[in-house]
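For reference, the structure discussed in these notes is given below.
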Amino acid sequence: MFNYYVRLALKSLRRTPVVAALMIGAIALGVGVCITTLTVYRLMSGNPIEHRNDVLRAVTLDNWDPNQPWDDRRPELPPYELTYRDAMALFESDIPSRQVMMRKGPFVVESDPALGVKPFLVEARLTTKDFFSIFDVPFEYGGGWDAAADQGAQRVVVLSKETNDKIFGGQDSVGKNVRLDGKDYNVIGVLAEWTPTPKFYDLNNGSFDGIEEAFVPFNIGQIDQVQPGGNVNCWRTQPLNSFQDFLESDCVWIQYWVELKGRDKVEAYQSFIDSYVQEQKKLGRFERPLNNKLRTPEEWLEINRVVASDNSVLVGLSFMFLAVCLLNMIGLLLAKFLGSAPLVGLRRALGATRQTIFNQHLVEVGVIGIAGGVLGIGLAGLGLLGVRQLYENYDTLTRLDVTMSLTALVIAIASGVLAGLYPTWRVCRVQPAAYLKTQ
Amino acid sequence: MLHMQNISKVFRTELIETHALRDFNLHVKEGEFVAVTGPSGSGKTTFLNIAGLLETFNSGTYQLDGQDVSRLSDDDRSRIRNQKIGFIFQSFNLIPDLDLFDNVDVPLRYRGFNAAERKKRITESLELVGLASRMKHIPAQLSGGQQQRVAIARALAGTPRFLLADEPTGNLDSLMARQVVDLLEDINRRGTTIVMVTHDPELARRAHRNVHVMDGQVTDLQPFAAKPLIRPEAVAAGV
Amino acid sequence: MEFRPILSAMLRNKTGVFLVGLQIALTLAVVANAVFIIMQRVEKIGRPPGIDSANLIFAQSYGFGPNYDHRDTVRRDVDMLRAIPGVVAVTALNGIPMSGGGRQSGYTIEPPTPQPNPTTSNIYFVDEHGVDALGVKLIEGRAFTEAEIQYNENPTNSDFAPSVIITQAVAQQMFGDGPALGKPIYDNLGQSAIVIGVIENMLGAWVGFDQPSNVMLQPRLSNGPTIRYAIRTEPGRRDQLVPEVEKKLAESNLNRAVTWVRPHTYWVERSYRADSRMVAFLSVIVSLMVLVTALGIVGLASFHVSVRTKQIGTRRAVGARRIDIIRYFMIENWLLTTGGVALGLVLAFAFGHWLSSTYSLPRLEPLYPVAGVVLLWILGQIAVFVPARRAAAIPPAIATRTV
Chain L
1 MFNYYVRLAL
11 KSLRRTPVVA
21 ALMIGAIALG
31 VGVCITTLTV
41 YRLMSGNPIE
51 HRNDVLRAVT
61 LDNWDPNQPW
71 DDRRPELPPY
81 ELTYRDAMAL
91 FESDIPSRQV
101 MMRKGPFVVE
111 SDPALGVKPF
121 LVEARLTTKD
131 FFSIFDVPFE
141 YGGGWDAAAD
151 QGAQRVVVLS
161 KETNDKIFGG
171 QDSVGKNVRL
181 DGKDYNVIGV
191 LAEWTPTPKF
201 YDLNNGSFDG
211 IEEAFVPFNI
221 GQIDQVQPGG
231 NVNCWRTQPL
241 NSFQDFLESD
251 CVWIQYWVEL
261 KGRDKVEAYQ
271 SFIDSYVQEQ
281 KKLGRFERPL
291 NNKLRTPEEW
301 LEINRVVASD
311 NSVLVGLSFM
321 FLAVCLLNMI
331 GLLLAKFLGS
341 APLVGLRRAL
351 GATRQTIFNQ
361 HLVEVGVIGI
371 AGGVLGIGLA
381 GLGLLGVRQL
391 YENYDTLTRL
401 DVTMSLTALV
411 IAIASGVLAG
421 LYPTWRVCRV
431 QPAAYLKTQ
Chain H
1 MLHMQNISKV
11 FRTELIETHA
21 LRDFNLHVKE
31 GEFVAVTGPS
41 GSGKTTFLNI
51 AGLLETFNSG
61 TYQLDGQDVS
71 RLSDDDRSRI
81 RNQKIGFIFQ
91 SFNLIPDLDL
101 FDNVDVPLRY
111 RGFNAAERKK
121 RITESLELVG
131 LASRMKHIPA
141 QLSGGQQQRV
151 AIARALAGTP
161 RFLLADEPTG
171 NLDSLMARQV
181 VDLLEDINRR
191 GTTIVMVTHD
201 PELARRAHRN
211 VHVMDGQVTD
221 LQPFAAKPLI
231 RPEAVAAGV
Chain G
1 MEFRPILSAM
11 LRNKTGVFLV
21 GLQIALTLAV
31 VANAVFIIMQ
41 RVEKIGRPPG
51 IDSANLIFAQ
61 SYGFGPNYDH
71 RDTVRRDVDM
81 LRAIPGVVAV
91 TALNGIPMSG
101 GGRQSGYTIE
111 PPTPQPNPTT
121 SNIYFVDEHG
131 VDALGVKLIE
141 GRAFTEAEIQ
151 YNENPTNSDF
161 APSVIITQAV
171 AQQMFGDGPA
181 LGKPIYDNLG
191 QSAIVIGVIE
201 NMLGAWVGFD
211 QPSNVMLQPR
221 LSNGPTIRYA
231 IRTEPGRRDQ
241 LVPEVEKKLA
251 ESNLNRAVTW
261 VRPHTYWVER
271 SYRADSRMVA
281 FLSVIVSLMV
291 LVTALGIVGL
301 ASFHVSVRTK
311 QIGTRRAVGA
321 RRIDIIRYFM
331 IENWLLTTGG
341 VALGLVLAFA
351 FGHWLSSTYS
361 LPRLEPLYPV
371 AGVVLLWILG
381 QIAVFVPARR
391 AAAIPPAIAT
401 RTV
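Chains as they are written, first to last, in the UniProt record's numbering: chain L, 1 to 439; chain H, 1 to 239; chain G, 1 to 403.
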C-alpha cells in the first residue's frame, strides 16, 4: 500500500509540476537558510571543553572602582581578569588539583640562520605548566614543562603546530633552540593541530582568533618585562612609572583557571578566595562588595557573550523565514488538495476510507518534505560556501557535517508533515457525494 | 434584430480543418422566440457563441440590433454582450462564492450603474423569477431549477434586447424545465427577443419558429418542423 | 469599485486568504526589521573615517635584541620612508585607527575630583607630521612642531603631553559650544595639556564604540619595541608602494622584525566585517523572503485562476472586458495584501520592540514598516499580474461549454 501511495504522490506532483516545484523549493529554501545560520550559530556557541565543564572554573574577583561597576550594563559582574598581585597570591593555594595563571605577550622569533627563516613576531602565551594538562592540549612531539621550569623561569618553549611548520618544516624540533626576543629557548614540545572554537580559555583577547603561536613559562614575563599582549584595564588613579608599578597596580590582565574535583573542593576554594579578599579589604583594597565568582566554562562563554547578538537575530529571522516558506507551502498544498477534491470524492465513492485518504495525502506531504530536505541540504551547502567567503579562517568549521545534514532532513520532513496536516485533514473531510453530481 | 449572412467558422489545427459553420444564414426579427435545434456536433454551440459575440468568425456578416458586429474589438464585444445580450447557460454558471444578490449584480457592475439603480434592478429581476426572498443565499443552497431562475434573473437584470439561451433546461427535471420555459415565454411576451439552442423537441415546440442546424448549415426554416426528430422513447416518457 | 463582492468571495475561502495574509504579515515584519538593521550597518560602514584611508599604508616594526635602539630606528625609518617617491607624509604612531585595538583614557576640563565625569577619548601618539600623514582636516589651531614631541625612555610611564589636538566631537563634548583652542584639559592624575588644534573628524580604534569620533592626538613618540608608521601616498600609488615599503624597512635594520605592511583598508574591512556579514546575511534572507512571498502569491493566484476558469468565462460572457478581469484579481490581491500588512505592521513593531529590548539594538523607525507596506503592495500587484493576465485570456466561450 505504501508503495502505491508513493506512486500516487509522485503522479500527483507531476500533474502540477509548477506547484510541486514551488512547494519543494519553498521548504528547501527555508531549511537551507535555517541550517546555514544554525551552523554558524553552533560554531559560535560551541563549548570545546564541554567534557571538563564540571571540574574547570574561571576565577574572577571584584577589585574594581568603588564608584563604578566593571560593566555599566551588567553591574553584577566582576572584571573578567585578575591583577598580577592577586593572581600570584591565589597561586599559593593548594585546594585546586591543578591551576593556571596566564596572559599574552609578543616575541620576535629567530631561528638558526641556516634554516633561512626571517625573524617574525608571534603572540605567545605566558602560562604556568598546568595549561596543557587541564585544557587537554594535544601534543605532536614532546610535552609541557614542569614546576621547576615555572619556578626558575627556565627558557623553554612549546611551539604551536603552525610555528613548528614554519620554522622546522614540521620536523620533530624537540631539543632544538629558537631565539625569542634575542634569547635562546629550548623547544620541549610541539602541539598537534588544536583549534578550540571559541578560544574559551581567554575570551577577551580575540575569542575567535587561533591559539597562540608559542607557549613559555609565566615568570619569564616579569623577568624580561614582556609587555602585555592582550587587553589591560585600569581604573585607579595611580602613576605607573615602571614595570614594577604596573605589576603592583590594580590593573587587570591575567586569566586564571582552576581545576576543582568535587563539590567540597569548589566550596573550599570559594571560601578561600572570599577570605583572601576579606584580608585585602583590611589593607584598603577591594572596596566594592564581596563579589568573587567561580564560573564553569559554559557559564564563562555565556557571560562573555561569545555568540554575538547578530547571530541570534539571524537564527530568529531564519526561522521566521522558514515559517513564511511553510505558510506558502500550506497555502499551495491546500489549494492543490482541494483542487483534487473531485478525485478524492471518486475514491471515497469507490470505497476509500477517510484513513486511507489521509495516509495517501500524508505520504504525498512526506515526499515533498524529503525532497525539500534533500534540496535544502544542498542549498545549505551552497549557503555555507558563501558564508566561508564572509568568515575567513573558519574553513574547517563552516562545513556541513552529518549532524547538521540530519537536522536539515528532520526539520524539512517534520515541518513539511506539520504543514501538510491541515490540508490533509481538510481533504479527508470531502464528502463522496458532493463531487459526483454533474456540475 | 439579428442578421447573419454567409457566416463561416473554421477551426484549424496543424492536422485538420473543421468547418463548424459554412454559409450560415439566419434572420431573427424583433420580438421573435426562435429555437435552434440540431444533433450534437451540428454547429449549434458555434452558432450560439458567434451569435452571443463570444467567438469571432472567419467570413460573412453579422448585424445585431442594426449594428454591424462583424469586426469589433474584444472590448466592444464585451460592451455589447453586457448591454444588449442576456445569457442563460445549460450549467447555470452562477458564481459559487457569491450570494444571489451579488450573482445578479455581476453584469450590472460591468454596466456601471450606480448602487441604487443596481439594487432596484436586482430586486426586480429576482422578484420576477420568484426568488427575491432568498437573495442572501449562495447557489449551493438552491435546487437546480432555482439556480437556473437566478441565472435568468441575471440575464434579465440588464434589460437586454436579446436573450440567448443554451439548453436552458438541459440539467433540469421535467417539472423544473416547464417552469423555466414558462418563464421564458413570459419574458418573450414582454418584448424580449429570444434565441434558444436546444436538442429537446418538446421545448423547441414552445418557440415561434424552429431552425434546424445540420453540418454547420441551416437546413430547415419551417416552424414546428420538429416532428421527424421526436425520439420515440422521449414521447413514451411523456416529456 | 467592487470591493464588497470580492471581499465576500474571499471570505468564503477563509483559510487560503488567512494563510497568504499571514505570510505577507510575517514578510513585512521580517523585511522591515531586517532592512532597518541593514541600513544602520550600511550607514555605519559608510561613515567618513576622517583620515585619508584610501591612500594610507600602515607598517609595524618590532625591535629585539641588545643592539636595538628605538629612537634611532624610528628617526632613520621616517627619514627613509619620507624619501620614497610617491610618499606624501609619514608619521610614527602607536596605533591604527579603526583597527579594533587602541588606547583610551578619560579627560576633564577641571583638575579631577574624587568622582570625575571624564570625556573618554582614543589617544594616538604622533609626531610633527601626524596631521599631514593621517590626512585629517585641521579646522582650528595648528599641527604639532618637532620641539613638542615627547619621549620617555621608561616604557611604563604616566606622562601626559604639553599640547594636544582633539576632534570636534571631543571639543563639543568637553567645551560645548564654547572655544576649545588654548584651553587646558586634565588627565586623571591632574596633569594638564593645552588644546592647540581641532580636527574636523577622525574615527578611533573601535568602530562599534558609542563615541567613535572621540579621538585625541598627542605629540609623543611611542615606546618600543613596537612602533607603527602611517605612510600617506599620492592617490593611486598605495598598492605599488606597499611591497616597496616592506622591502626597504626589512633591509634597513636587522635588529627588528617588520611584522606587517598593509593598506589601511585592510583594517577597515576587518573591523566592519561583522557588519558586512550581517548586511550580506540579511540581504539574502530579505531577497529570498520577498521572492518566496511573490512566488506564493503567483502560485495561489494561478491556482485560483485555474479553479475559476468557468466563472471567469461567465463574467466575460456577461460583459466583463479583459481589463475588468485583470482588475478583479488585482483588487483581490490588494485587499489580501492590505489585510496582511495591517497585521504585519503590528508584528513588525512587536518584533522590532523585542529585538531592541533583547539585543539592545536601536528602536525600529516607523519609516521602514511603512516603506515595507508600499513595497508589498507593489510586489503583490506585480506578482498577481501574470496570472491575472492569463485569466483575462480565458475565452468567454468557455461559459457555454458543459463540464
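Each residue gets a CB set at the ideal place from its N, CA and C atoms; glycine is no exception.
Residue i to residue j span [Cα, whole Å]
{"i": "L:Cys251", "j": "L:Cys234", "result": "4 Å"}
{"i": "G:Leu26", "j": "L:Pro96", "result": "53 Å"}
{"i": "H:Asp102", "j": "H:Gly112", "result": "15 Å"}
{"i": "H:Glu167", "j": "G:Arg390", "result": "29 Å"}
{"i": "G:Ile165", "j": "L:Asp71", "result": "29 Å"}
{"i": "residue 422 of chain G", "j": "G:Ala143", "result": "This structure gives no information on residue 422 of chain G, because the portion of chain G shown stretches from 1 to 403."}
{"i": "H:Glu233", "j": "L:Arg14", "result": "Legend: pLDDT at H:Glu233 = 42, less than 50; position of this residue unreliable, no value from coordinates given."}
{"i": "G:Val279", "j": "G:Ile24", "result": "22 Å"}
{"i": "L:Gln360", "j": "L:Leu418", "result": "15 Å"}
{"i": "G:Val88", "j": "G:Glu234", "result": "6 Å"}
{"i": "L:Thr403", "j": "L:Asn3", "result": "29 Å"}
{"i": "G:Met174", "j": "G:Tyr107", "result": "9 Å"}
{"i": "residue 433 of chain G", "j": "G:Ala180", "result": "Since the first residue of chain G shown is 1 and the last is 403, residue 433 of chain G is not available in this structure."}
{"i": "G:Ala29", "j": "L:Gly372", "result": "25 Å"}
{"i": "G:Ala169", "j": "G:Tyr368", "result": "29 Å"}
{"i": "G:Leu138", "j": "G:Leu221", "result": "21 Å"}
{"i": "G:Leu347", "j": "L:Glu162", "result": "50 Å"}
{"i": "H:Thr219", "j": "H:Val211", "result": "8 Å"}
{"i": "G:Val20", "j": "G:Met289", "result": "13 Å"}
{"i": "H:Phe11", "j": "H:Gly41", "result": "13 Å"}
{"i": "G:Ser8", "j": "H:Thr45", "result": "33 Å"}
Contacting residues, own chain, Cβ-Cβ under 8 Å from residue i (five flanking each side not counted)
{"i": "L:Ile357", "result": "Val344, Arg347, Arg348, Val427, Cys428, Val430"}
{"i": "H:Gly60", "result": "Met4, Gln5, Asn6, Ile7, Ser8, Asp23, Phe24, Ser70"}
Cβ-Cβ separation, residue j to residue i (assumed contact under 8 Å), whole Å
{"i": "H:His208", "j": "H:Phe33", "result": "5 Å"}
{"i": "G:Leu300", "j": "L:Gly366", "result": "That belief does not hold up - the Cβ atoms of G:Leu300 and L:Gly366 are roughly 23 Å apart, past 8 Å."}
{"i": "G:Ile185", "j": "G:Ile109", "result": "6 Å"}
{"i": "G:Val215", "j": "G:Asn94", "result": "Their Cβ separation, rounded to whole angstroms, is 13 Å, which puts G:Val215 and G:Asn94 out of contact at 8 Å."}
{"i": "G:His264", "j": "G:Ser61", "result": "Their Cβ separation, rounded to whole angstroms, is 17 Å, which puts G:His264 and G:Ser61 out of contact at 8 Å."}
{"i": "L:Leu334", "j": "G:Gly339", "result": "18 Å between Cβ atoms; not a contact."}
{"i": "residue 441 of chain L", "j": "L:Ala124", "result": "Examination of residue 441 of chain L is not possible in this model, given that chain L is present from 1 through 439 alone."}
{"i": "L:Val40", "j": "L:Val387", "result": "6 Å"}
Cβ neighbours of residue i in the same chain (closer than 6 Å, five flanking residues each side left out)
{"i": "H:Met153", "result": "One point to set straight first is that residue 153 of chain H is Ala, not Met, in the sequence displayed. Answer for H:Ala153: Val104, Ser125, Leu126, Val129, listed in chain order."}
{"i": "H:Tyr62", "result": "Met4, Val69, Ser70"}
{"i": "H:Gly43", "result": "Ala20, Leu21, Val213, Gly216"}
Beta bridge counterpart(s) of residue i as assigned by DSSP
{"i": "H:Leu163", "result": "H:Gly86, H:Ile194"}
{"i": "H:His27", "result": "H:His3"}
{"i": "G:Trp260", "result": "G:Gln60"}
{"i": "G:Met216", "result": "G:Ile123, G:Ile166"}
{"i": "L:Gly142", "result": "L:Gly189"}
{"i": "G:Tyr186", "result": "G:Thr108, G:Ser192"}
{"i": "L:Lys104", "result": "L:Arg125"}
{"i": "G:Asp159", "result": "Answer is none; G:Asp159 lacks a bridge partner."}
Close Cβ partners of residue i (< 7 Å) along its chain, the five nearest in sequence each way excluded
{"i": "G:Leu217", "result": "Tyr124, Val126, Gly130, Val164, Ile165"}
{"i": "G:Glu365", "result": "Phe36"}
{"i": "L:Ile134", "result": "Leu56, Arg98, Val100, Trp257, Glu259"}
Which ranges does the beta strand (DSSP E) cover as unbroken runs of at least 3 residues, wholly within the stretch 235-275 of chain L, from first to last along the chain? Complete beta strand (DSSP E) runs here, min 3: 255-259.
Please give the ranges of any beta strand (DSSP E) in the stretch 28-75 of chain H, keeping only runs that are unbroken, at least 3 residues long and fully inside the region. Correct list: 33-37, 59-64.
Return the chain-ordered ranges of every alpha helix (DSSP H) run that is complete within the UniProt domain "ABC3 transporter permease C-terminal" (284-396) of chain G and spans a minimum of 4 residues. Unbroken alpha helix (DSSP H) stretches of 4 residues or longer found wholly inside the UniProt domain "ABC3 transporter permease C-terminal" (284-396) of chain G: 309-317, 322-358, 367-392, given in chain order.
For the UniProt domain "ABC3 transporter permease C-terminal" (317-432) of chain L, list the beta strand (DSSP E) runs that are entirely contained and at least 3 residues long, ordered along the chain. You should have found no qualifying run.
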